[in-house]
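Asks: Below are the structure tokens for one structure; questions will follow.
There are 2 protein chains.
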Amino acid sequence: MATEVHNGDKVNGGSKAVTFSALKPQLFVEAPKAADAVQFYKAAFGAEEGVRVMHPKRKADQELPLVLSAELKLGSSAFLVSDLTDDSSAPVKTVGSGTVFCLETDDVEAAVAKAVAAGAVSEGEIAEGEGACCGGRVGKVKDPYGIVWLICAPAKKCADAEA
Amino acid sequence: MATEVHNGDKVNGGSKAVTFSALKPQLFVEAPKAADAVQFYKAAFGAEEGVRVMHPKRKADQELPLVLSAELKLGSSAFLVSDLTDDSSAPVKTVGSGTVFCLETDDVEAAVAKAVAAGAVSEGEIAEGEGACCGGRVGKVKDPYGIVWLICAPAKKCADAEA
Numbered sequence: 001m002a003t004e005v006h007n008g009d010k011v012n013g014g015s016k017a018v019t020f021s022a023l024k025p026q027l028f029v030e031a032p033k034a035a036d037a038v039q040f041y042k043a044a045f046g047a048e049e050g051v052r053v054m055h056p057k058r059k060a061d062q063e064l065p066l067v068l069s070a071e072l073k074l075g076s077s078a079f080l081v082s083d084l085t086d087d088s089s090a091p092v093k094t095v096g097s098g099t100v101f102c103l104e105t106d107d108v109e110a111a112v113a114k115a116v117a118a119g120a121v122s123e124g125e126i127a128e129g130e131g132a133c134c135g136g137r138v139g140k141v142k143d144p145y146g147i148v149w150l151i152c153a154p155a156k157k158c159a160d161a162e163a
Numbered sequence: 001m002a003t004e005v006h007n008g009d010k011v012n013g014g015s016k017a018v019t020f021s022a023l024k025p026q027l028f029v030e031a032p033k034a035a036d037a038v039q040f041y042k043a044a045f046g047a048e049e050g051v052r053v054m055h056p057k058r059k060a061d062q063e064l065p066l067v068l069s070a071e072l073k074l075g076s077s078a079f080l081v082s083d084l085t086d087d088s089s090a091p092v093k094t095v096g097s098g099t100v101f102c103l104e105t106d107d108v109e110a111a112v113a114k115a116v117a118a119g120a121v122s123e124g125e126i127a128e129g130e131g132a133c134c135g136g137r138v139g140k141v142k143d144p145y146g147i148v149w150l151i152c153a154p155a156k157k158c159a160d161a162e163a
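Here the protein sequences come in this chain order: Y and G.
Anchor point for the first sequence: position 97 equals 97 in full-length UniProt numbering, and the numbering is continuous, going up by one each time.
Anchor point for the second sequence: position 2 equals 2 in full-length UniProt numbering, and the numbering is continuous, going up by one each time.
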């Protein structure tokens, strides 16, 4: 068993100021229903559609291109809708209550380090992202309560599209 | 099978303007860990605590008072953390990936009607709420993708506490 350090102020990265600009829930639906779900949320809640990113890989037998992430805005908040794929790197493996939370920040490394120092478990390496974070860097941590958080630095093109 | 009407503009309630001020994910954790979870999110993400509402009912054999809803703010967003109880009216029955989404609006009836017109299923009656919505009125709908949405009109005391 590894020794865990739970005091965020005393470990590497933990004392660095980390701020998040937004929290966006990412809802996974059975593929290829994400496009339908986006239409539903627009009709049901008056959500306004923002950036939509399609899945870069497309199976030969797959008729519809899959939605990697479609952003919907509701008041001051936003959420993301995604097709659940069988991609092994997908943060959610089952449909339905599958939700992850995307936290946007400028410093992914420091944010992941602070979360780990507080007791979260880092999952995988920080990667150049695709999808939810509009191509920016993405780290993933699971908290002690089983909830998966993506820590993202949105790429420039995302910020532009939202401006 | 009941006939469903999917055009929100042509049914009762569907044509009324409905606006939401915010979307707040409500995360359920195994009771009584919500208080710990709040501390974790403050340490891990720098979340700032807002309104906390305790569970009004308390079992004799229950040592700790349960958290009905604790609000945490992150940037422009907010989320709620709650102890999962065995209350039959609880919107989530299992821990872990159990999440519901709270939508805040001034007109719960119109918002529920619009969602139902678009294809959601209303669950239960609109009730004078407790907990997540700070005592305001609460409606509940499940969307075609299995996700539960609480449609809430926060009570005055909530707005005051957040001001």
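Idealized CB from N, CA, C, for every residue including glycine.
1. Taking the alpha carbon of G119/G as the reference point, which residue from E49/G, G146/G, A35/G and T19/G has its own alpha carbon closest?
2. Go through the UniProt domain "VOC" (22–154) of chain G residue by residue and report every complete run of the beta strand (DSSP E) that reaches 3 residues or more, in order.
3. Quick one: residues in its chain with C-beta nearer than 6 angstroms to the C-beta of A127/G, no 5 flanking neighbours on either side, listed in chain order?
4. Between the beta-carbon of S76/Y and the beta-carbon of S82/G, is there less than 8 angstroms?
5. Could you run through the segment 33–61 of chain Y and flag, in chain order, every residue whose CB is less than 7 angstroms away from some CB of chain G?
6. Among L72/G, M54/G and K73/G, which residue has its Cα nearest to the Cα of L64/G?
7. If you measure from the beta carbon of F20/G to each beta carbon in chain Y, is any gap under 8 angstroms?
8. Does residue 216/Y have its Cβ less than 8 angstroms from a Cβ in chain G?
9. For H45/Y, collect the residues of the same chain with a Cβ closer than 7 angstroms to its Cβ; drop the 5 residues on either side in sequence, then sort them by chain order.
10. Give the interface partners of K140/G over in chain Y, defined as CB-CB distance under 8 angstroms, in chain order.
11. Using a Cβ cut-off of 8 angstroms (strictly closer), state whether P154/Y contacts chain G.
12. Is the CB-CB distance between V100/Y and V141/Y below 8 angstroms?
13. Would you mind telling me which residues of chain Y sit closer than 7 angstroms to P25/G, beta carbon to beta carbon, in chain order?
14. Please report whether the beta-carbon of E109/Y lies at a distance below 8 angstroms from any beta-carbon of chain G.
15. Applying a beta-carbon distance threshold of less than 7 angstroms, which residues of chain G neighbour I147/Y?
16. Check the Cβ-Cβ distances between A118/Y and every residue of chain G, and say whether any is below 8 angstroms.
17. Short of 6 angstroms in beta carbon distance, which residues of its chain neighbour D143/Y, apart from the five on each side in sequence? Order them along the chain.
18. Report the residues of the segment 64–79 of chain G with a CB closer than 7 angstroms to any CB of chain Y, ordered along the chain.
19. Once the 5 residues before and after K33/G are set aside, which same chain residues still bring their CB inside 8 angstroms of it?
20. For A115/G, which residues in chain B fall below 7 angstroms Cβ to Cβ?
21. Under 8 angstroms between C-beta atoms, does D106/Y make it to chain G?
22. Please return the same chain residues whose Cβ sits closer than 6 angstroms to the Cβ of V116/G, not counting the five positions on each side in sequence.
23. Quick check on the burial criterion: 16 or more other C-beta atoms within 10 angstroms. Buried or exposed for G136/G?
24. Should D143/Y be flagged as near chain G, meaning a C-beta pair shorter than 8 angstroms?
25. Determine the closest residue to P56/G out of A47/G, V29/G and L66/G, with distance taken between C-alpha atoms.
Replies: Considering the structure as presented:
1. If we check each option's Cα against that of G119/G, G146/G comes out closest.
2. The qualifying runs are 48–54, 67–74, 77–84, 99–105, 137–142 and 148–153.
3. Cβ neighbours of A127/G within its own chain (closer than 6 angstroms, five residues either side excluded): V138.
4. In terms of Cβ geometry, S76/Y and S82/G do not form a close pair [threshold 8 angstroms].
5. Among the residues of the segment 33–61 of chain Y, those with a Cβ less than 7 angstroms away from any Cβ of chain G are K33, A37, F40, A43, A44, F45 and G46, in the order of the chain.
6. L64/G has its Cα closest to that of M54/G, out of L72/G, M54/G and K73/G.
7. Judged by the 8 angstroms Cβ criterion, F20/G is in contact with chain Y.
8. Because chain Y spans 1 through 163 in this model, residue 216/Y falls outside it and cannot be assessed.
9. The amino acid at residue 45/Y is misidentified as His; the sequence shows Phe. Answer for F45/Y: L74, listed in chain order.
10. Under a criterion of Cβ atoms nearer than 8 angstroms, no residue of chain Y is adjacent to K140/G; the nearest Cβ is some 13 angstroms distant.
11. By this cut-off, P154/Y is not an interface position.
12. It is not a contact, given that the beta carbons lie outside the stated cut-off.
13. Chain-ordered, the chain Y residues with CB closer than 7 angstroms to the CB of P25/G read P25 and F101.
14. The beta-carbon of E109/Y is placed no less than 8 angstroms from the nearest beta-carbon of chain G.
15. One finds L27 in chain G with Cβ atoms closer than 7 angstroms to the Cβ of I147/Y, taken in chain order.
16. Chain G contact via Cβ: present.
17. Only A120 meet the Cβ criterion.
18. Answer set for the segment 64–79 of chain G: L74, G75, S76, S77 and F79.
19. In the same chain as K33/G, and ignoring 5 residues on each side of it, the C-beta atoms closer than 8 angstroms to its own belong to D83, in chain order.
20. Reference to chain B is not applicable here, since the protein chains of this structure are Y and G.
21. Nearest CB-CB separation between D106/Y and chain G: not below the 8 angstroms threshold.
22. Take V116/G, set aside five residues on each side of it, and the residues of its chain with a beta-carbon closer than 6 angstroms to its own are S122, in chain order.
23. Classification for G136/G: buried.
24. D143/Y belongs to the set of residues whose beta carbon lies under 8 angstroms from a beta carbon in chain G.
25. Considering only alpha carbons, the answer is L66/G.
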